[in-house]
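In numbering that gives the first Met the number 0, the protein residues as written are 0 to 154. C-beta atoms are modelled at their ideal positions from N, C-alpha and C, and glycine is treated no differently.
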Amino acid sequence: MRKKLLLLLLLFSVIPSGFAQLNLVSFEQIDSLQNIEKRKVVVFIHTNWCQFCHAMKNTTFKNESIIKELNNTFYFIAFNAEEKRTIIFNNAIFKFKSTGNTSGIHELAMQLGTINKQLNYPALCVLNSKNEIIFQDNNYIKPKEFKLLLEKLKE
């Protein structure tokens, strides 16, 4: 028993702990965070069934330099467009709207992700520190392209 415990401790001390992790915030936290430090907000709008959303989660948002940039310069929200809870954001109330027995969409996803009267996934929305939309895109964005986008957004 003691040898197993020692082996486990040794194993955990050898595993690199430097894996960068993306700091996620919620819509409800944004006002308080903006009072502490003004930053742009990157909102990643996704669904559980969207293959391109999963691909972005597993490539773009696992990229260590992107994670560092998002954590240091922006606030990042990963928002499931089929979220069922009511959200109060920017002095407005947003709710889930059912479109069938098991389907529906959140009003806030529609508000932030709709481009040319359509909402396609994945959707990316960037807000300024006053919660105004300054950028929208509804495509899979590769890590290299996303890094360029973040550089432009920092200006």
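Proximity of residue i and residue j at Cβ, strictly below 8 Å
| i | j | result |
| --- | --- | --- |
| Phe43 | Phe78 | yes |
| Leu126 | Lys39 | yes |
| Glu106 | Lys94 | yes |
| Gln135 | Ile114 | yes |
Cβ-based burial, residue i [other Cβ within 10 Å; buried from 16]
| i | result |
| --- | --- |
| Asn181 | With the chain covering only 0 through 154, there is no way to say anything about residue 181. |
| Leu147 | exposed |
| Ile29 | buried |
| Glu63 | exposed |
Nearest-angstrom Cα separation, counted from residue j out to residue i
| i | j | result |
| --- | --- | --- |
| Leu4 | Thr58 | In this prediction, Leu4 has a pLDDT of 37, which is less than 50 and means its spatial position is unreliable; nothing more can be read from the coordinates. |
| Ile35 | Asn100 | 42 Å |
| Lys143 | Glu81 | 28 Å |
| Ser31 | Leu23 | 14 Å |
| Asn90 | Tyr74 | 19 Å |
| Ile14 | Thr98 | With a pLDDT of 41 at Ile14, under the threshold of 50, the predicted position of this residue should be treated as unreliable, though the coordinate-derived value follows. Answer to the nearest angstrom: the Cα atoms are 46 Å apart. |
| Glu150 | Ile65 | 10 Å |
| Phe145 | Val41 | 11 Å |
| Gln20 | Ser102 | 31 Å |
| His45 | Gln33 | 24 Å |
| Glu27 | Thr85 | 11 Å |
| Leu8 | Ile92 | Here the model assigns Leu8 a pLDDT of 38, short of 50, so the residue's position is not dependable, and the following value carries that caveat. About 48 Å. |
| Ser25 | Tyr139 | 22 Å |
| Gln110 | Ile87 | 13 Å |
Nearest-angstrom Cβ-Cβ length linking residue i and residue j, presumed shorter than 8 Å
| i | j | result |
| --- | --- | --- |
| Thr72 | Lys153 | 6 Å |
| Leu108 | Leu118 | It is Ala, not Leu, that sits at residue 108 in the sequence shown. Between Leu118 and Ala108 the Cβ distance is about 7 Å, and since that is below 8 Å, they are a contact. |
Residue-chain proximity (residue i, chain B), Cβ-Cβ < 8 Å
| i | result |
| --- | --- |
| Glu81 | Structure shown: chain B not included; a single protein chain is present. |
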